[in-house]
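Chains as they are written, first to last, in our numbering: chain S, 1 to 351; chain G, 1001 to 1351. Have a look at the structure below, then the notes.
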DNA sequence: CCCGCGAACCTAATCGTTTAGGAGGTCCTT
DNA sequence: AAGGACCTCCTAAACGATTAGGTTCGCGGG
């Protein structure tokens, strides 16, 4: 098309003012049935499609929500995104994913740049899967952009911000208890960085369980991707004088993947030589060799709840704005939800 | 913040016109070093962030690229997206994923609505992972929105449109040949709908191989998700008088998942009772029980190439526009790329 | 001393919408 | 017949940026 048709083109072709055309297309009143029909017909013939940038500029609205993640190699995000997308579709919003990890590695600069970018595009809201830097939370607050945390919780300076998480402490206790009941007394927790707030809770739960069952617990930390997990665990096991632990607890999906790869590479038998349990159930867990005992965080549901919460806050904001009130996000205490999760017992624990 | 600072606010605070401020912030010339510094300082103090909707409207540019998919439950997309994101980041563009499957099921209406939505937001370009309806291709063409296909190829009415695919025919031949050399003579191909053009190629290759090795081949089709695959295969096997095939070929990732679940549920031993091979290598394939023999489509590379191709076309478009030429996407014949792929032989085939 | 030129800056139009504030016309009520 | 109440439709001002086309001013050359 040489020049894309605009409202004015439709207006000229229909012999009506742009006002009437606009109203007709947006289903507003103040337009006779005849005019509306004419407008719709002409618009169709011309192939008119409204320009969203112009609409958003004029109406001061925005239609997309950003999901901020790092390390998309985490398969857990698939289900999460599914839940989010499904829910957002109901209110005609779209999700864009903003990954603050380049080549798999997180950098604070990239986090800052990403947030800046989100503000530039005046995102309607943010769903964050990891704890964001306080100054970035401040920025989002300044611009009245609501944030909902998922899985991770916000930095303590932002306690009002909603979060949908699992009760990671109890969950970890369950994991530890199961290991303890198997009689294992020598555990290794393969953890990811504390940037994901779940890390601390999970470690705390595991440690509490270890204490209760009189088990020894070692915690090692790796970057949040498969390669790092592989390297970290290998280095740990290769340290002279170090014996295999009796049980390995993988902190999340990438940690699990890395750990399984090193155990396979070394010909270690699971669960006979070492038992393996992990967080974050995912589609293939039951089909692995052996089938994996994992904690079932229902991440699709978490995604749904997060998206619903965010949607509600955004809608409230819009209403407030119409009333002439400031569009400060109205967070409610009950938006901080903590779901429980079950241990799905399969074979890798020794059962 | 009560009212978000705009260019005008910065202009007033700095005592300079909006023109000067705009030029200073966008690093243009015609501004003295002193003024530029002042502007930057004031902008920082006020927390000014440009409004992208206004910029895009005025400059008639757009910064995001849409990835059109259906059925995100396909794990194969993770690597693809990784490649795409990584590449787009280089040119300051962002990817938004537009899923044209609601609750996992594809509908033509949703495809139309999605395309309409992409045009409304004046997307810079589209990466399509499945064949789009001809009228939607027409629409995108009318709006000068370049499209690059990935994995699938476009409908025959749009032969000039680029596509980055694997050579599915040869690949399928490899799969079939390997099965043939194992001496298996009774194959079942679990396929997804032909909306993904790979389906036809893959079936053709398998059939050719079956012919060559004198094997019997049955093809059954399911919707492109795990549940459907499970149901379809179960129904097939439950048909009275039907025996287990000697080899199952899973057409893609969801088909594989469904198939493995029914085989596990029935206590069928792999590869002793039936051999399993699949398309689309993915992260967990080597850790399954047994480790899976799969075709290695390097989907991250495909993503990179697709994003590079699209980026180049968009940049050419922008240049053409600056010259005053029409912004018709300049597709080149060499943009139709077909990569080869290897069979990764593990254990599920009987090796 | 005057002219010309370039740098620095400004005014105002523009991108494609939405919408406040009227204007004109029809029709009912009294 | 006059006054209102409604519709329908229009004009023109936003929204927040970019930029074409001036204007002003200082300075160097003739």
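Glycine included, every Cβ here is placed at the ideal spot set by N, Cα and C. Computed from a prediction, not measured in an experiment: that's the story for all the values here.
- When S/196, S/191, S/291 are compared, the shortest CA-CA separation from residue 206 of chain S is found for S/191.
- The three-state reading of DSSP puts residue 1295 of chain G in strand, counting E and B together.
- The CB of residue 49 of chain S comes closer than 8 Å to the CB of 1116, 1119, 1120, 1143 in chain G, given here in chain order.
- Interface residue (Cβ-Cβ distance to chain S less than 8 Å): residue 1181 of chain G is not classified as such.
- Taken through DSSP and simplified to helix, strand or coil, residue 1200 of chain G comes out as helix.
- In the DSSP annotation of this structure, the continuous segment of the alpha helix (DSSP H) that includes residue 169 of chain S starts and ends at 168-181.
- Interface with chain G (8 Å Cβ-Cβ cutoff): residue 264 of chain S is included.
- Not flagged as an interface residue toward chain S: residue 1135 of chain G, since no C-beta distance is shorter than 8 Å.
- Taking the CA atoms as reference points, residue 1261 of chain G sits about 30 Å from residue 181 of chain S.
- For the pair residue 293 of chain S and residue 280 of chain S, the Cα-to-Cα distance works out to about 10 Å.
- Residue 18 of chain S sits in a helix when the DSSP states are folded into three classes.
- Sixteen is the threshold: since fewer than 16 other Cβ atoms of the shown chains lie within 10 Å of the Cβ of residue 1212 of chain G, the residue is exposed.
- Per DSSP, the beta-bridge partners of residue 1150 of chain G are G/1164.
- In this structure, G/1305 is the residue among G/1350, G/1329, G/1305, G/1286 with its C-alpha nearest to the C-alpha of residue 1337 of chain G.
- Nearest to residue 330 of chain S by C-alpha distance, out of S/81, S/121, S/320, is S/320.
- Inclusion of residue 144 of chain S and residue 327 of chain S in the CB contact set at 8 Å is warranted, their separation being smaller than that value.
- Non-local C-beta neighbours of residue 123 of chain S in its own chain, meaning closer than 7 Å and more than five positions away in sequence, comprise 62, 64, 65, 66, 145, ordered along the chain.
- Scanning its chain for C-beta atoms nearer than 6 Å, with the 5 sequence neighbours on each side dropped, one finds around residue 303 of chain S the residues 80, 83, 84, in chain order.
- When the alpha-carbon of residue 157 of chain S is set against those of S/177, S/136, S/174, S/165, the nearest one is in S/136.
- Residue 87 of chain S and residue 308 of chain S have their C-alpha atoms some 7 Å from each other.
- The Cβ atoms of residue 1216 of chain G and residue 1186 of chain G lie closer than 8 Å to each other.
- Counting the other Cβ atoms within 10 Å of the Cβ of residue 1222 of chain G gives 16 or more, which makes it buried.
- Any Cβ of chain S closer than 8 Å to the Cβ of residue 1287 of chain G would place that residue at the interface, and such an atom is present.
- Residue 1105 of chain G sits in a strand when the DSSP states are folded into three classes.
- Between the C-alpha atoms of residue 242 of chain S and residue 1347 of chain G there is a straight-line separation of about 32 Å.
- By the neighbour-count definition (other C-beta atoms within 10 Å, threshold 16), residue 36 of chain S is a buried residue.
- Each residue's CA atom was taken as its position, placing residue 1039 of chain G and residue 1013 of chain G some 9 Å apart.
- Contact of residue 1099 of chain G with chain S is assigned, a C-beta pair being separated by under 8 Å.
- DSSP, reduced to helix, strand and coil, places residue 1031 of chain G outside both helices and strands of the structure shown, so it counts as coil.
- Within chain G, the residues 1143 have their CB atoms less than 7 Å from the CB of residue 4 of chain S, given in chain order.
- Every beta strand (DSSP E) stretch that sits fully inside the region 1194-1244 of chain G and reaches 3 residues is listed by chain position as 1216-1221.
- For residue 37 of chain S, no Cβ of chain G is located within less than 8 Å of the residue's own Cβ.
- Distance check between residue 1172 of chain G and each of G/1300, G/1341, G/1345, G/1076 places G/1341 closest, using alpha-carbon atoms only.
- In the DSSP secondary-structure assignment, residue 1187 of chain G is bridged to G/1217, G/1247.
- Excluding five sequence positions before and after residue 1256 of chain G, the CB atoms of its chain that fall closer than 7 Å to its own CB belong to 1250, 1278, given in chain order.
- Interface criterion not met: the Cβ of residue 1206 of chain G is under 8 Å from no Cβ in chain S.
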